[in-house]
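Asker:
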Amino acid sequence: MGRLVICDHPLIQHKLTFIRNKQTNTKDFRELVDEVSTLMAYELTREVPLDTIEVETPVATTNSKIVSGRMLGLVPILRAGLGMVDGMLKLIPSAKVGHIGLVRDPKTLLPTEYYINLPTDAPNRMLIVIDPMLATGGSAIAAITSLKNRGCDHIKLMCLIAAPEGVAAIQEAHPDVDIYIAALDERLDDNGYIIPGLGDAGDRMYGTN
Ligand code: PRP
Ligand code: URA
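Residue numbers (UniProt numbering): 1 to 209.
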């Protein structure tokens, strides 16, 4: 089964409190999501493999480390996942970015894919699917399935807030995928919203409702 990693760095937890707060306005919400995404990218890349290379400093030659292994790709789930891309690219600027458009039907809670565009070398990359909310897990499962159908087998999932139901659903549908979150909340309500959560992530990020 994939690992569930809760990124409990104090700065992530502090900023998440303001992201949750309904008084936080759209501009601040976007900035905070951006900042938390940078911090979570740091946590997620903690275990990337390293190679040793020789480097000449102005005074000597030495062995030093560089990142090796698979190149990274980010795959935000539209819309809300878009708000996490720039924060992550600050730390991993060479990552390529694919996009998957999914929308959840408010009644059935089932996702429909309306758009997908991936880098041509996506199957060779470690792909990080990003979305602030993991509620029923339907959207993330559909996104990961879509990537696997296109030959992508090295996938991680990064979300800000998850419901236990969503985590369990991913672990059952895609047991090879590690999940990185900032908080594991209590449950889903009858409308499929995460309690306590932060409300509708896309609406709060883009000022719609
Ligand atoms: C939200 C959220 C996730 C999804 C999570 O998107 O950003 O993608 O719901 O719910 P799930 O785990 O039950 O699938 P939404 O469908 O509202 O689209 P939006 O980002 O365009 O607002
Ligand atoms: N999507 C959201 O944006 N928020 C939730 O709480 C659940 C799904």
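For glycine and all other residues, C-beta sits at the position ideal for the given N, C-alpha and C.
Any idea which residues DSSP pairs Asn191 with across the strands?
Answerer: Counted from its first residue, the sequence shown places residue 191 at position 191. In DSSP, Asn191 forms no bridge with anything.
Asker: Hey, is the segment 19 to 34 in contact with the segment 64 to 78, meaning 3+ C-beta pairs nearer than 8 Å?
Answerer: Flag = no, the segment 19 to 34 and the segment 64 to 78 do not touch.
Asker: Apart from the five residues on each side of it in sequence, which residues of its chain come closer than 7 Å, Cβ to Cβ, to Ile194?
Answerer: For the purposes of this step, residue 194 is taken as the residue at position 194 of the sequence shown. Around Ile194: Met133, Ala135, Ile161, Ala163, Asp185 and Leu188.
Asker: Less than 7 Å separating the Cβ of Gly138 from some heavy atom of the ligand ZN?
Answerer: This structure does not include the ligand ZN; its bound ligands are the ligand PRP and the ligand URA.
Asker: Roughly how many angstroms lie between the CA atoms of Leu109 and Val85, to the nearest whole one?
Answerer: Locating residue 109 in the sequence shown gives position 109, where the first residue counts as 1. Locating residue 85 in the sequence shown gives position 85, where the first residue counts as 1. Looking at the two C-alpha atoms, the distance is approximately 25 Å.
Asker: My output table needs one value for Asp185: the three-state DSSP class, helix, strand or coil.
Answerer: Reading the sequence shown from its first residue, position 185 is the one you call residue 185. Asp185 falls in the coil class under three-state DSSP.
Asker: Going straight from the alpha carbon of His145 to that of Gly101, what length do you get?
Answerer: Along the sequence shown, one-based indexing puts residue 145 at 145. Along the sequence shown, one-based indexing puts residue 101 at 101. According to the sequence shown, residue 145 is Thr rather than His. Roughly 13 Å between the two C-alpha positions.
Asker: Leaving out five residues before and five after Thr61 in sequence, what residues of the same chain have Cβ atoms less than 8 Å from its Cβ?
Answerer: On the sequence shown, residue 61 is found 61 positions in, with the first residue counted as 1. Once the five neighbours on either side are set aside, the close Cβ partners of Thr61 are Glu54 and Val55.
Asker: Whole angstroms is fine: what's the gap from residue 249's alpha carbon to Leu72's?
Answerer: Outside the displayed span of the chain (1 to 209) sits residue 249, for which this structure offers no information.
Asker: Along the chain, where does the alpha helix (DSSP H) containing Glu47 start, and where does it finish?
Answerer: For this step, residue 47 is matched to residue 47 along the sequence shown. From DSSP, Glu47 is part of no alpha helix (DSSP H); its letter is neither H nor E.
Asker: What does Met158 pair with, by DSSP beta-bridge criteria?
Answerer: Numbered from its first residue, the sequence shown carries residue 158 at position 158. DSSP, once it has assigned bridges, lists Ile130 and Tyr180 as partnering Met158.
Asker: Counting along the chain, where does the alpha helix (DSSP H) carrying Ser94 start and finish?
Answerer: Walking along the sequence shown from the start, residue 94 turns up at place 94. It is not in any alpha helix (DSSP H) - Ser94 carries neither H nor E in the DSSP assignment.
Asker: Tell me whether Val67 is buried or exposed, calling it buried when 16 or more other Cβ atoms sit within 10 Å of its Cβ.
Answerer: Counting from 1 along the sequence shown, the entry for residue 67 is found at position 67. With fewer than 16 other Cβ atoms within 10 Å, it is exposed.
Asker: Does Thr38 come out as helix, strand or coil in the three-state DSSP assignment?
Answerer: Counting from one through the sequence shown, the residue named residue 38 turns up at place 38. Of the three classes helix, strand and coil, the one that applies to Thr38 here is helix, per DSSP.
Asker: Using the beta-carbon count (16 or more within 10 Å), is Met1 buried or exposed?
Answerer: Working through the sequence shown from its first residue, we reach residue 1 at position 1. Flag for Met1 reads exposed.
Asker: What is the residue span of the beta strand (DSSP E) that Val75 lies within?
Answerer: Within the sequence shown, numbered from 1, the residue matching residue 75 stands at position 75. Here the beta strand (DSSP E) through Val75 covers Leu72 to Leu78.
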